[in-house]
Structure formats: C-alpha cells, structure tokens
Amino acid sequence: MSKLTLTEQAPGHFTVEGCLTFASIDKQTLQSFKFLKGMDSICIDLAKVKTTDSAGLALMIEWIRLSRMGRVKLSFKNIPSQLLALAKLSGFDETEYFANHTH
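Okay, here's the thing in structure tokens:
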C-alpha cells in the first residue's frame, strides 16, 4: 500500500502524492480536509498520483463539496487519465473542475 500525502507547496497550492485508492484513503485522509479552511482559492496538483480507482474520484467530489460549503475556489491540475476516465463515465468531466484540463 502506498501512503497518500497532501503537501502544501505554496499558499493555496497542494500536491497529492501516492495512490488514490480504497486501500490508501482512510479516516486520516478525510480529516485532511482542514486544509480547505481559511483560503480563498486552492489548486490541487495530482501529477504525483501513482494509481487511482473510484475512491479517488469520490475523494475529489468530497473536496469539491467541502470547498463549495466553505466558498473556496477549488481547481485540479494534472488529473491522471484513470480519474478522467472515471469522471467521464459519471459525466463529472463536464464540470468546471475538469473544464481546464486538456485530454
């Protein structure tokens, strides 16, 4: 199992590293949502994600839900092709969070 880490590279810019899978997303990951508090906008870079499954998409949707509740502008970059494929299946790729991503 690859550990999942969320690292702040600069104010409002975070990198996710590891696997976004059922095996790596746990209660600690869900508690990491504290990073959404107190910011106007956040960009999450997914370039270092090794592998993902539907749990990764569910985590992204949860981040989006929490960012909307906190009125934080959230964007993702370097979305892995696996996540894009899952998002496309659900129609989620049509949302503004995926709109700026080039396939």
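As numbered in my numbering, residues 768 to 870 make up the sequence shown, in order. Don't be surprised by glycine CBs; every beta carbon is placed ideally from N, CA and C.
Under the rule that 16 or more other beta-carbon atoms within 10 Å means buried, what is residue i, buried or exposed?
i      : result
Phe781 : buried
Gly785 : buried
Thr902 : This structure cannot settle anything about residue 902, because the visible part of the chain is limited to 768 through 870.
Are the Cβ atoms of residue i and residue j separated by less than 9 Å?
i      : j      : result
Val853 : Ser821 : It is Leu, not Val, that sits at residue 853 in the sequence shown. Yes.
Leu826 : Ser857 : no
Ser848 : Leu841 : no
Leu813 : Phe789 : no
Is any heavy atom in the ligand SAH found nearer than 8 Å to the beta carbon of residue i?
i      : result
Leu826 : Because no ligand of any kind appears in the structure shown, any question about the ligand SAH cannot be addressed here.
What residue range is occupied by the uninterrupted beta strand (DSSP E) comprising residue i?
i      : result
Glu861 : Neither: Glu861 is in no beta strand (DSSP E) and is coded neither H nor E.
Leu771 : No beta strand (DSSP E) contains Leu771, which DSSP labels as neither H nor E.
Ser785 : Note that residue 785 corresponds to Gly in the displayed sequence, not to Ser. Start and end: His780 to Leu787.
How is residue i classed by DSSP in three states: helix, strand or coil?
i      : result
Thr869 : Here Thr869 scores only 49 on pLDDT, less than 50, and its place in the model should not be relied on; the value that follows carries that caveat. Three-state DSSP puts Thr869 in coil, outside helix and strand.
Lys855 : helix
Ile846 : coil
Ala814 : strand
Lys804 : coil
Can you tell me where the alpha helix (DSSP H) with residue i in it begins and where it stops?
i      : result
Arg835 : Ser821 to Met836
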